[in-house]
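Numbering (my numbering), first residue to last: 48 to 494.
Rendered as structure tokens:
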């Protein structure tokens, strides 16, 4: 009980101890916010890939025929819940006089795609509709339609970083022109290869707003059949460039890749007549593996940043050590009395060491609460800074997402808290040793 009484007395009489608690709290809050924002960004990046392309993607070195048969085999195996395909191309989209954008073109099957990805939720016009997703433009369903990313039509506001969705909705129904092309091999010219330009007019049937800037800026979507007619005009049957798979509930993605590769090898050899080299050249990856290199670099940067902040926060140890050393020097009389009453050197050391750990626990608890509040309300804080100072810290054109990830990463927070408590104990270690080695006779001689 004596040690608890002295701890409370030191907290009440020596307000400078509160400074050490505040230092621990601010350090913990800083590290929790940095780690949570970085990990939140990484998880949002990986999650956006899964939402956009599914869990596993098959990319063949040549057009994939009979994909519907392969999808049926995947579903029968229990690996996949659903799958869809795309035909991809590049082109220039002419939106009006002097307004031309370079775009990536995906030919999709909308009815299948909504079962694989969160596709419908991104459509401004049709997301609230109970009807199936359709490429039919409003007013004239007979003209060919397509979907266009919102950032293809306009850039977000420089100050607010928000899109004018009303203006984007007014573009629905407008006729635009896509210029793309295909590579043809002429058999009558010695097998020479030439590029043939193709013009594809269509009406904007809906606008895509995923919240991921790169996706909203680069992509337009047309019916798969129409894109195939342009890119693969000589193909007599439906083909695809990619098969995008949504795994069944509870299936591990990494294990699924190995099983899918086995099914694909048999299918490509038996049904498509592909040789071993072509089968081996087929890429089968999870959506997270496809982003692996970028995520690795992000995690490396996060580690470097946390290390730098950790070195800066090393001042917590020095500050606690200095404050506790001052308390030991000023409370030599208490130490002398305790030892005169029979307290051992270890008991005296444990008093100050425990007090240091107590300071660490309280500071870490306050820092955890502060870090939680800042992380959860980081978008509000960023908006206040924009309103008060006219400074936009987060732009989707730079950081990809329209909102800052604001989920606390509790495993990282736990590690930070443990580190802070240990650091506080280390800071109190030297003063505790000094207090333990104090001789009561020398103290009482002058006190």
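All C-beta atoms, glycine included, are put in the ideal place defined by N, C-alpha and C.
Span of the beta strand (DSSP E) around residue 67: Walking along the chain shown from the start, residue 67 turns up at place 20. It is not in any beta strand (DSSP E) - residue 67 instead sits in the alpha helix (DSSP H) that spans 63-100.
Distance between beta carbons of residue 310 and residue 113, contact taken as under 8 Å: Here residue 113 corresponds to residue number 66 of the chain shown, with the count starting at 1. Here residue 310 corresponds to residue number 263 of the chain shown, with the count starting at 1. That belief does not hold up - the Cβ atoms of residue 113 and residue 310 are roughly 13 Å apart, past 8 Å.
Alpha-carbon spacing of residue 99 relative to residue 210, whole angstroms: To locate residue 99, count along the chain shown from 1; it is residue 52. To locate residue 210, count along the chain shown from 1; it is residue 163. Rounded to whole angstroms, residue 99 to residue 210 spans 20 Å at the Cα level.
Under the three-state DSSP convention, the category residue 411 falls into: Here residue 411 refers to the residue found at position 364 of the chain shown. Residue 411 falls in the helix class under three-state DSSP.
Distance between residue 103 and residue 261 (C-alpha atoms, nearest Å): Position 214 of the chain shown, counted from the first residue, corresponds to residue 261. Position 56 of the chain shown, counted from the first residue, corresponds to residue 103. Rounded to whole angstroms, residue 261 to residue 103 spans 20 Å at the Cα level.
Bridge-paired residues (DSSP) for residue 243: Your numbering for residue 243 matches position 196 in the chain shown. Beta-bridge pairing links residue 243 to 229.
Sufficient close CB pairs (3 or more, under 8 Å) joining the region 321-339 to the region 191-200: Flag = no, the region 321-339 and the region 191-200 do not touch.
Cutoff 6 Å; reference residue 170; Cβ partners in own chain excluding five residues on either side: The residue given as residue 170 occupies position 123 in the chain shown. Only 253 meet the Cβ criterion.
Classification of residue 67 by the beta-carbon crowding that lies within 10 angstroms, buried from 16 upward: If you number the chain shown from 1, residue 67 lands on position 20. Residue 67 is buried by the Cβ-count criterion.
Contacts around residue 153, its chain only, beta-carbon distance under 7 Å, and the 5 residues preceding and following it disregarded: Numbered from 1 along the chain shown, position 106 holds the residue referred to as residue 153. Cβ neighbours of residue 153 beyond the five flanking positions: 133, 135, 266 and 268.
Cutoff 6 Å; reference residue 368; Cβ partners in own chain excluding five residues on either side: To locate residue 368, count along the chain shown from 1; it is residue 321. Only 474 and 477 meet the Cβ criterion.
Sequence-distant residues of its chain with Cβ nearer than 6 Å to residue 95 (five each side left out): For the purposes of this step, residue 95 is taken as the residue at position 48 of the chain shown. Contacts found: 259.
Beta-carbon gap between residue 331 and residue 121 smaller than 9 Å: Against the chain shown, residue 331 aligns to sequence position 284. Against the chain shown, residue 121 aligns to sequence position 74. No, Cβ-Cβ distance for residue 331 and residue 121 is not below 9 Å.
Beta-bridge pairing of residue 153 - partner residues as DSSP gives them: For the purposes of this step, residue 153 is identified with residue 106 of the chain shown, where counting begins at 1. Residue 153 pairs with 135 and 268.
Three-state secondary structure assigned by DSSP to residue 160: The residue given as residue 160 occupies position 113 in the chain shown. Under the three-state reduction of DSSP output, residue 160 falls in the helix class.
Length of the line joining the Cα atoms of residue 453 and residue 182: Residue numbering aside, residue 453 sits at position 406 when the chain shown is read from its first letter. Residue numbering aside, residue 182 sits at position 135 when the chain shown is read from its first letter. If you take the alpha carbons of residue 453 and residue 182, they lie about 35 Å apart.
Per-residue burial, residue 410 [other beta carbons within 10 Å of its own, 16 or more giving buried]: Indexing the chain shown from 1 puts residue 410 at position 363. Buried is the label assigned to residue 410, since at least 16 other Cβ atoms lie within 10 Å of its Cβ.
Cβ shell of residue 236 (< 7 Å), same chain only, five flanking positions each side left out: Working through the chain shown from its first residue, we reach residue 236 at position 189. Any reading at residue 236 must be qualified, since the residue scores a pLDDT of 49, below 50, and its modelled position is unreliable; the value itself is stated next. Here the set comprises nothing.
For residue 170: DSSP bridge partner residues: The residue you call residue 170 lines up with position 123 of the chain shown. Beta-bridge pairing links residue 170 to 255.
Which of helix, strand or coil DSSP assigns to residue 193: Against the chain shown, residue 193 aligns to sequence position 146. The answer is strand: DSSP assigns residue 193 an E or B state.
Validate contact between the region 463-470 and the region 402-420 using beta carbons, cut 8 Å, 3 pairs: yes
Closest residue to residue 173 among 184, 80 and 201 (Cα-Cα distance): For the purposes of this step, residue 173 is identified with residue 126 of the chain shown, where counting begins at 1. Closest option to residue 173, Cα to Cα, is 184.
Through-space distance from residue 422 to residue 397, alpha-carbon basis: Here residue 397 refers to the residue found at position 350 when the chain shown is read from its first residue. Here residue 422 refers to the residue found at position 375 when the chain shown is read from its first residue. Approximately 36 Å, taken between the alpha carbons.
7 Å CB neighbourhood of residue 264 in its chain, flanking five on each side removed: To locate residue 264, count along the chain shown from 1; it is residue 217. Excluding sequence neighbours, residue 264 sits near 196, 198 and 199.
Presumed contact (8 Å Cβ cut-off) between residue 407 and residue 71, rounded CB distance: By one-based count along the chain shown, residue 407 stands at place 360. By one-based count along the chain shown, residue 71 stands at place 24. The Cβ separation is near 6 Å, so the contact holds.
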